[in-house]
Amino acid sequence: DTAVSQTPKYLVTQMGNDKSIKCEQNLGHDTMYWYKQDSKKFLKIMFSYNNKELIINETVPNRFSPKSPDKAHLNLHINSLELGDSAVYFCASSQRRGGIYGYTFGSGTRLTVV
Amino acid sequence: DQQVKQNSPSLSVQEGRISILNCDYTNSMFDYFLWYKKYPAEGPTFLISISSIKDKNEDGRFTVFLNKSAKHLSLHIVPSQPGDSAVYFCAASGTNNDMRFGAGTRLTVKP
Numbered sequence: 101d102t103a104v105s106q107t108p109k110y111l112v113t114q115m116g117n118d119k120s121i122k123c124e125q126n127l128g129h130d131t132m133y134w135y136k137q138d139s140k141k142f143l144k145i146m147f148s149y150n151n152k153e154l155i156i157n158e159t160v161p162n163r164f165s166p167k168s169p170d171k172a173h174l175n176l177h178i179n180s181l182e183l184g185d186s187a188v189y190f191c192a193s194s195q196r197r198g199g200i201y202g203y204t205f206g207s208g209t210r211l212t213v214v
Numbered sequence: 003d004q005q006v007k008q009n010s011p012s013l014s015v016q017e018g019r020i021s022i023l024n025c026d027y028t029n030s031m032f033d034y035f036l037w038y039k040k041y042p043a044e045g046p047t048f049l050i051s052i053s054s055i056k057d058k059n060e061d062g063r064f065t066v067f068l069n070k071s072a073k074h075l076s077l078h079i080v081p082s083q084p085g086d087s088a089v090y091f092c093a094a095s096g097t098n099n100d101m102r103f104g105a106g107t108r109l110t111v112k113p
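Sequence order for the protein chains is A and B. In terms of the numbering used here, the first sequence opens at residue 101 and continues consecutively. In terms of the numbering used here, the second sequence opens at residue 3 and continues consecutively.
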């Protein structure tokens, strides 16, 4: 059983399109996150959700919008895709924000915008 | 604004020897420090952590050392094994703040 699963694993799309990446966790965690790993390999926080409430948005363009239908799901919707959006996007979950126990990550979605 | 820095992009060691991965941070408000391991095409996996009130935490072959005055932590792997070859990310967080990651260090353990 996959703890944090994201789909699709690979996504190739043209500039200007709108796409979504889905994420589900079966760990019963309260908080879910989206991270972006850019070309320099940095993992940067984009969003975190706790009890359906957005609690962080780190200077992410408003073309990106997280959607959480319930606490087991946090989907990432991207409008008007740009070349610079090409990256690997990781979903993660944890029982609480921060703390010592670490996050559980999905396997990533490699987005390529052409 | 990189609050967590891993200045060595890569490290190569011989099997059986010690691997030492280093990490520096700038935010003195961090309470917890963590190491993650990442294989290609997989997400990062939590490895070991340490609270800011401690200076050492050990788990099997893995030991994390924290030097708060220097804002520096390190991960020691001994003895290193070929299966340890991966990218290691250092991370830090506050009690109720999201985790910040370094850029990672690629460890190669040669048989």
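Cβ coordinates follow ideal geometry from the N, Cα and C atoms, glycine included. This one's a predicted model, so the numbers in the text were calculated from it and none came from an experiment.
{"Asked": "Leu183(A) - DSSP class collapsed to helix/strand/coil", "Found": "helix"}
{"Asked": "Cβ-Cβ distance between Ser54(B) and Lys70(B) below 8 Å", "Found": "yes"}
{"Asked": "Contact with chain D by Gly202(A), beta-carbon distance below 8 Å", "Found": "The displayed structure is made up of protein chains A and B, and chain D is not among them."}
{"Asked": "Cβ contact check for the stretch 167-179 of chain A and the stretch 109-127 of chain A: 3 or more pairs under 8 Å", "Found": "yes"}
{"Asked": "C-beta contact flag for Pro166(A) and Leu154(A) at 8 Å", "Found": "yes"}
{"Asked": "Asp2(B) in three-state terms, based on DSSP", "Found": "It is not possible to answer for residue 2(B), since the shown part of chain B is limited to 3 through 113."}
{"Asked": "Exposure of Ile20(B), with buried meaning 16 or more beta-carbon neighbours within 10 Å", "Found": "exposed"}
{"Asked": "Where Gly208(A) meets chain B, residues with beta-carbon distance less than 8 Å", "Found": "Ala43, Glu44, Gly45"}
{"Asked": "Test: Gly106(B) CB closer than 8 Å to a CB of chain A", "Found": "yes"}
{"Asked": "Exposed unless 16 or more other CB atoms sit within 10 angstroms - verdict on Met31(B)", "Found": "exposed"}
{"Asked": "Residues of the stretch 139-160 of chain A whose Cβ lies closer than 9 Å to any Cβ of chain B, in chain order", "Found": "Lys140, Lys141, Phe142, Leu143, Lys144, Ile145, Ser148, Ile155, Ile156, Glu158"}
{"Asked": "Cβ separation of Gln106(A) and Thr209(A), assumed to be a contact under 8 Å, to the nearest whole Å", "Found": "5 Å"}
{"Asked": "In DSSP terms, what Glu44(B) is bridged to", "Found": "Beta-bridge pairing links Glu44(B) to no other residue."}
{"Asked": "One or two residues paired with Phe26(B) in a DSSP bridge", "Found": "Note that residue 26(B) is Asp in the sequence shown, not Phe. Its beta-bridge partners are Lys7(B), His74(B)."}
{"Asked": "Pick from Pro42(B), Ile52(B), Phe48(B), Phe64(B) that is closest to Ile22(B), judged by C-alpha positions", "Found": "Phe64(B)"}
{"Asked": "Proximity below 8 Å, CB of Asp100(B) to CB of Ile200(A)", "Found": "no"}
{"Asked": "For Lys136(A), the nearest candidate out of Asn179(A), Phe164(A), Asn150(A) (CA to CA)", "Found": "Phe164(A)"}
{"Asked": "DSSP three-state assignment for Pro113(B), whether helix, strand or coil", "Found": "coil"}
{"Asked": "Within chain B, partners of Gly93(A) - CB distance below 9 Å", "Found": "Chain A is shown only over 101 to 214; residue 93(A) falls outside these bounds and no answer can be derived."}
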